[in-house]
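>
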Amino acid sequence: MPLYTPFLSLTVPLPAASSIAFFVPADKSQAEKKTQRASAAPETPAPPAPAFTTVAPRPSFAHGRRLTALFTNKAISTPSDLPFPLAGAPRPSTSTLRGHDAPPARAPSTHSQRADGIPEGEESTLAASPLPHATSGKMHQTSSRLLRMTDDERPFTRDFKDLFSTLMVSLPLTQHRVRFRMIEYTFTSDEAVTNLGSLKFSQSNRMPDPKDSSRVVTTTTTTTFSMAKEMARSVCQKFLDAKFVESVEGKTDFTNKSSVWQLTPKGIHILERFCTRNGIQSAHVKAVIDSNRNPHQLVVLERNTETDKLHHDEQTVHIIFRRFVGTTANETQSDSDSIHEFSMCNIGVKLVKNRRSATRPWEYSFNGRNAAQWLMDCSTMVDPREAVEVGSLFLQLGLVAPTDTRNPENNFLPQKQVGYFITPHGEQVAGWTVDTTTTGGEVLPAKFREGMSRDSNSNRTNVIIRNPSWRLLYREFLKETMCEENLSFYLEVIEFDRQYRAAIGDKGDNKVETIRETLAAAYGLYNAFLAPGSPNELNIDHALRTQLATRMTRAVGDDAAMLQSLMEVHSLFEKAQISIFKLMSSDSVPKFIKHPKYAPQLRGLDAAAATAYAAAPPAAAPSRS
């Protein structure tokens, strides 16, 4: 007899332009019981109010051994008498779900577009399953693929972090008793493995219908992850290896169903970035993010979009090294093996100060265990092997060296008994000492200076976006100034463009499936950045925003219409990308290159921009191969 886990249903009413996160039951009949029908449509349209739903699953019905991500899109135009509460009517409680029967197998996840009359200021509960009476004007698209894997058999970092964050939002994260004390924001192995068996994340936006202002259109994109329990345990183990979660009992695996786990400071920050992008404000998640264990800062490393490998160019390694050692030496004397050694990432690795001598010609040293732990705790690395790679690059670039000459000079060892010291070159790169070999500034050829005067900031923006190290710094600056969504959108459109061109050029039997998947990605991008009231709404031209809304809320019929729709969406996304590029070039980039924290690290930027201008005068946005 299967064991059904209880559901926690939370609704957070917020102002119309903000986002809502809540749990809804997968059982369609129960969802219908929790709503009341509206007898008449309102005369005025409701203001846009996006909603984001994570569905906590029943025990898994899937028996496959492979990890899959299912994207399903469905557009529905419905009458205005859908079951939403009237203004002034008592609202159905969504805080608990009681007395429901064992659920049937759930309906597939959906992407839906809906037109209905919702009273102004009223909240609504959107179920993942199709609503009744929604039978006209349907557009249904389904796409399924395996989770992308790297050459070394780990999930792509972005998919991996999204899967982790979706799981955390689906869990109640309540108190659990461990050794006579209650620990906040925790979960058990069984809860995590059960939810991973069938996990859904829905992203929705409500907006006035561009063709009929008396109607409201809802677009929803739902991502479903499905896997067997053995695979779910393996994925949880990878979360542990990535330092996203930690045991509060000293456990090292997820074999014990009752083991209690909590998010690490790093895991909390990963969850915060996911919630910020998707507008999730569920009360139980917000409580974790607002806790004092959130470091609010990680070194966000740039990766190759095709291989998911870290960029290893010298400039990028130097930036990581500066964060690794800190602006000043962290001389904390501690040999503790605590898992909370680096819960706050605004300081560098623990260093031991030594008195220089003939046999010990260095001042600061550290051990390999602390170094690897700092890199895993305070950056977006997801595999311990990446920490070893970066440590080896520190050695190869002469930034650090082993204290014992018997240890390898180029291969980093993440062991407590292996010591390393910071070289004079490393101290210069860290900014602890002045590099007397550098010149005072950049000298550009006269022909470049004259030609660049008009488009210098466009050239700089082009170079910054293409250079992994400068892009890393620029992202940090934008995060500090609350504008990171501009760069995120620009880069995500580049990835979408690559996916779009692959779909258009596909000559195989799966072309229609690839187009559906690409269109599903387009809706996800639209709901996150471009829809009215979206969590990261961009500052774009009103006419372009209207064109996007008109296109994204239009139902698609057959396969040919779906292809035409994708082409139109791609064209509009490119226009939005150009608009954001111009905004960054005129606003944030000039401030970035003059900022006292970042300007010293941008040596060579103008020379690179001049070279790029000489090679090909830039258009409004960088060209893409």
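In the working numbering, each number is its position in the sequence shown, counted from 1, plus 2. No residue lacks a Cβ here, since even glycine has one placed at the ideal position from N, Cα and C. All figures in this text were calculated on a predicted structure; none of them were measured in a lab.
#1: Roughly how many angstroms lie between the CA atoms of Asn464 and Glu478, to the nearest whole one?
#2: Which of the three DSSP states is assigned to Ala360 in this structure?
#3: Our contact map puts Pro416 next to Gly370 with C-beta atoms below 8 angstroms; I'd like the distance itself, whole angstroms only.
#4: Whole angstroms are fine: how far does the CA of Trp472 sit from the CA of Thr225?
#5: Asn469 and Ile582 look like a contact to me (Cβ under 8 angstroms); what is the Cβ gap, rounded to whole Å?
#6: Enumerate in chain order the residues of its own chain whose CB-to-CB distance from Thr516 is below 6 angstroms, with the five nearest sequence positions on each side excluded.
#7: Which class does Gly421 belong to by DSSP, given the choice of helix, strand or coil?
#8: Could you pull out every residue in the same chain whose Cβ sits closer than 8 angstroms to the Cβ of Gln239, ignoring the five residues on either side in sequence?
#9: Should Glu124 go down as buried or exposed, given a rule of 16 or more other Cβ atoms within 10 Å for buried?
#10: Distance check for Arg462 and Ala610, CA to CA, integer angstroms please.
#11: Alpha carbon to alpha carbon, how far is Tyr492 from Gln579?
#12: The beta strand (DSSP E) that contains Phe638, what's its start and end?
#13: Does Gln264 pass the burial test, meaning 16 or more other C-beta atoms within 10 Å, or should it be called exposed?
#14: Return the chain-ordered list of same chain residues with a C-beta closer than 8 angstroms to the C-beta of Gly711, the five sequence neighbours on each side being excluded.
#15: Measure from the alpha carbon of Asp499 to the alpha carbon of each residue in Asp385, Gly421, Val571, Met564, then state which is nearest.
#16: Grab the span of the alpha helix (DSSP H) containing Arg547 for me, first residue to last.
#17: Going by the C-beta, is Ser581 closer than 6 angstroms to any heavy atom of the ligand SAM?
#18: Alpha carbon to alpha carbon, what distance is there between Gln501 and Leu565?
#19: I need the DSSP call for Leu415, collapsed to helix, strand or coil.
#20: How is Gln566 classed by DSSP in three states: helix, strand or coil?
#21: Taking all protein chains shown into account, do 16 or more other C-beta atoms lie within 10 angstroms of the C-beta of Thr188, making it buried, or fewer, making it exposed?
#22: For His298, report the span of its beta strand (DSSP E) as first-last.
#23: Apart from the five residues just before and just after His314, which ones in its own chain have a Cβ nearer than 7 angstroms to its Cβ?
#24: Roughly how many angstroms lie between the CA atoms of Glu576 and His544, to the nearest whole one?
#25: Rounded to whole angstroms, how far is the Cβ of Thr190 from the Cβ of Lys259, which I believe are closer than 8 angstroms?
#26: Can you tell me whether DSSP reads Ile185 as helix, strand or coil?
#27: Mapping DSSP to helix, strand and coil, what is Lys355?
#28: Taking C-alpha atoms, which residue in Thr152, Arg324, Ile270 lies nearest to Trp434?
#29: Give every residue of the same chain whose Cβ lies closer than 8 angstroms to the Cβ of Ile270, excluding the five residues on either side of it in the sequence, and list them in chain order.
#30: On the DSSP letters alone, give me the boundaries of the alpha helix (DSSP H) that Asn280 sits inside.
#31: Quick check: the Cα distance between Phe162 and Leu546, rounded to an integer number of angstroms?
#32: In this structure, how does DSSP classify Trp434 when only helix, strand and coil are distinguished?
#33: Quick check: what's the CA-CA separation for Arg68 versus Asn197?
#34: Could you compute how far the alpha carbon of Thr548 sits from the alpha carbon of Pro212?
#35: Measuring CB atoms only, is the stretch 524-532 touching the stretch 587-606, in the sense that at least three cross pairs come out at less than 8 angstroms?
#36: Measuring only the C-alpha atoms, how far is Arg556 from Gln283?
To lay it out plainly:
#1: The alpha-carbon atoms of Asn464 and Glu478 are separated by roughly 17 angstroms.
#2: The answer is coil: DSSP assigns Ala360 none of H, G, I, E or B.
#3: Rounded to whole angstroms, the Cβ separation of Pro416 and Gly370 is 5 angstroms, and the two are in contact under 8 angstroms.
#4: 33 angstroms
#5: With a Cβ gap of about 18 angstroms, Asn469 and Ile582 do not count as contacting.
#6: Ala505, Asp508
#7: In the three-state reduction of the DSSP assignment, Gly421 falls in the strand class, which pools E and B.
#8: Asp255, Phe256
#9: In this prediction, Glu124 scores a pLDDT of 30, lower than 50, which makes its location untrustworthy; no coordinate-derived value is stated.
#10: 8 angstroms
#11: 6 angstroms
#12: Look at the range of the chain in this structure, 3 to 627, and you will see that residue 638 is not part of it.
#13: With 16 or more other Cβ atoms inside 10 Å of its own Cβ, Gln264 counts as buried.
#14: Past the edges of the chain, shown from 3 to 627, lies residue 711, and the structure says nothing about it.
#15: Val571
#16: 544-554
#17: The ligand SAM is not part of this structure, which contains no ligands at all.
#18: 14 angstroms
#19: The DSSP-derived three-state label of Leu415 is coil.
#20: Correct three-state label for Gln566: helix.
#21: Under this definition Thr188 is a buried residue.
#22: First-last for His298: undefined, no H or E at that position.
#23: Leu395
#24: 16 angstroms
#25: 7 angstroms
#26: strand
#27: Residue state, collapsed to three classes: strand.
#28: Arg324
#29: Val290, Ile291, Ser293, Arg295, Asn296, Pro297
#30: Counted as a single uninterrupted DSSP element, the alpha helix (DSSP H) harbouring Asn280 occupies residues 267-280.
#31: Here the C-alpha atom of Phe162 lies approximately 33 angstroms from the C-alpha atom of Leu546.
#32: It is coil, neither helix nor strand.
#33: Below a pLDDT of 50, predicted positions are generally treated as unreliable, and Arg68, at 38, falls in that range; the measurement from the model is reported next regardless. One C-alpha to the other measures close to 16 angstroms.
#34: 7 angstroms
#35: Output reads no: the stretch 587-606 does not touch the stretch 524-532.
#36: 29 angstroms
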